[in-house]
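263 is the number that numbering that gives the first Met the number 0 gives the last residue of the first sequence; the numbers go up by one with no jumps.
Input: a single structure, listed below in structure tokens.
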Amino acid sequence: MRITTWNVNSIKQRLPHLLGFLDEARPDVVCLQELKCQDEAFPRAEVEGAGYAVETLGQKAYNGVALLVRAPLALSEVRRGLPGDATDEQARYIEALISGEGAKPVRVASIYLPNGNPVDSPKYPYKLAFLKRLRLHARALLSDETAVVLAGDYNVIPESADAANPEAWRTDALFLGSTRAAFRALLAEGYTDGLRACDPRDGLYSFWDYQAGCWQRNDGIRIDHLLLSPQACDRLVSASVQKHLRGVEKPSDHVPVTVELAAA
DNA sequence: ATGACTGGCCCTGCCAGA
């Protein structure tokens with residue numbers, strides 16, 4: 000079972016790229032972030048036409064997450080929104096149980112963590128609070144035997160090796176000590192960074208800013224992650240970054256990251 | 001040294017992203 004996470008930076012702008020990716024890579028599950036549209040504006044017919052079931056949590060202009068699952072796999076037990084704050088109206092979390100066709104079920108979440116900049120604004124405490132809510136929910140998900148994959152745009156650079164120029168990010172909400180500590184605390188609940196577990200090399204990035212020729216200079220950062228529960232990690236076969244999709248016409252500023260889990 | 005791109009909005013520069 001191949002599971003991909005991809006921040007598309009507007010599903011409306013990136014629909015051709017997504018359909019091309021579904022056709023060429025044939026992932027079983029796709030976790031999308033930054034839809035930037037309401038549920039009724041999601042291009043459901045086109046994605047269903049490619050052979051995928053769709054669940055979305057959208058909102059106008061900002062945020063928005065979705066789960067796509069290739070038939071004959073199916074979604075159930077859909078959860079919209081991260082528990083822990085009933086007042087949070089930002090569309091940043093959707094989760095479902097993926098099952099079918101002899102594959103052991105996997106619970107998969109598509110997560111769009113807050114950016115958190117500027118650090119001296121309310122946006123940063125919101126990011127830290129979101130990370131804490133995610134940690135507590137991630138812990139609760141370990142209480143049954145189902146494998147769990149928490150996939151998404153974490154807006155966290157875990158280590159210096161995950162940035163081409165870490166010094167430039169030293170005081171940024173993506174790399175600040177308290178951000179990285181909160182991410183490590185999430186891992187410490189019992190989760191493994193799927194790409195890191197497969198590939199220890201420096202220079203694996205998932206985001207390159209549109210500005211200043213960052214792509215051309217390979218000035219990237221790794222902020223899109225798939226975190227695996229112990230049961231999911233036992234099934235980990237491979238992980239990869241689909242870097243070529245940053246070089247196409249009108250790309251997203253993020254590229255897909257994929258893990259493959261053994262069927263059983 | 002500095003600025004630099006893209007998308008949505010509901011129309012025009014501005015906010016947000018990272």
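Beta carbons are placed, not taken as given, at the ideal position from N, Cα and C, and that holds for glycine.
Boundaries (first-last residue) of the beta strand (DSSP E) holding residue i
i, result
"Lys-103", "102–111"
"Ala-95", "92–99"
"Ala-160", "First-last for Ala-160: undefined, no H or E at that position."
"Ala-238", "235–240"
"Ala-73", "73–79"
"Thr-266", "Given that the chain is displayed from residue 0 to residue 263, the structure contains no residue 266 and the question cannot be resolved."
Cα-Cα separation, residue i to residue j
i, j, result
"Glu-259", "Val-148", "11 Å"
"Val-53", "Asp-223", "21 Å"
"Ser-237", "Leu-14", "27 Å"
"Val-118", "Ala-167", "15 Å"
"Gly-145", "Ser-98", "The sequence given here has Thr at residue 145, not Gly. Whole-angstrom Cα-Cα distance: 11 Å."
"Thr-3", "Arg-69", "12 Å"
"Gly-63", "Asn-114", "14 Å"
"Lys-11", "Leu-18", "12 Å"
"Thr-178", "Pro-124", "10 Å"
"Leu-130", "Ala-102", "30 Å"
"Glu-33", "Thr-86", "20 Å"
"Glu-23", "Val-29", "13 Å"
"Gly-193", "Ala-60", "31 Å"
"Cys-213", "Ala-162", "12 Å"
"Arg-91", "Arg-43", "19 Å"
"Arg-25", "Leu-244", "15 Å"
"Leu-141", "Tyr-111", "21 Å"
"Asn-6", "Leu-235", "22 Å"
"Ala-265", "Gly-176", "This structure cannot speak to residue 265, because the chain is shown only from 0 to 263."
"Thr-55", "Asn-217", "32 Å"
"Ser-219", "Arg-78", "At residue 219 the sequence reads Gly, which differs from the Ser that was named. So the two alpha carbons sit approximately 32 Å from each other."
"Glu-45", "Leu-67", "12 Å"
DSSP beta-bridge partners of residue i
i, result
"His-224", "Gly-151"
"Gln-32", "Asn-6, Val-64"
"Glu-54", "Leu-66"
"His-253", "Phe-206"
"Ala-146", "Val-105"
"Arg-1", "Glu-259"
Test item: CB-CB of residue i and residue j under 7 Å
i, j, result
"Ser-109", "Gly-151", "yes"
"Lys-242", "Val-254", "yes"
"Asp-208", "Ala-160", "no"
"Ser-251", "Asn-8", "yes"
"Leu-127", "Ala-181", "yes"
"Leu-226", "Tyr-190", "yes"
"Cys-36", "Gly-57", "yes"
"Ala-261", "Glu-188", "no"
Limits of the unbroken alpha helix (DSSP H) element including residue i
i, result
"Ala-44", "43–48"
"Leu-130", "122–140"
"Pro-229", "229–232"
Which residue spans inside the region 169–221 form an unbroken alpha helix (DSSP H) run of at least 4?
-> 176–187, 193–197
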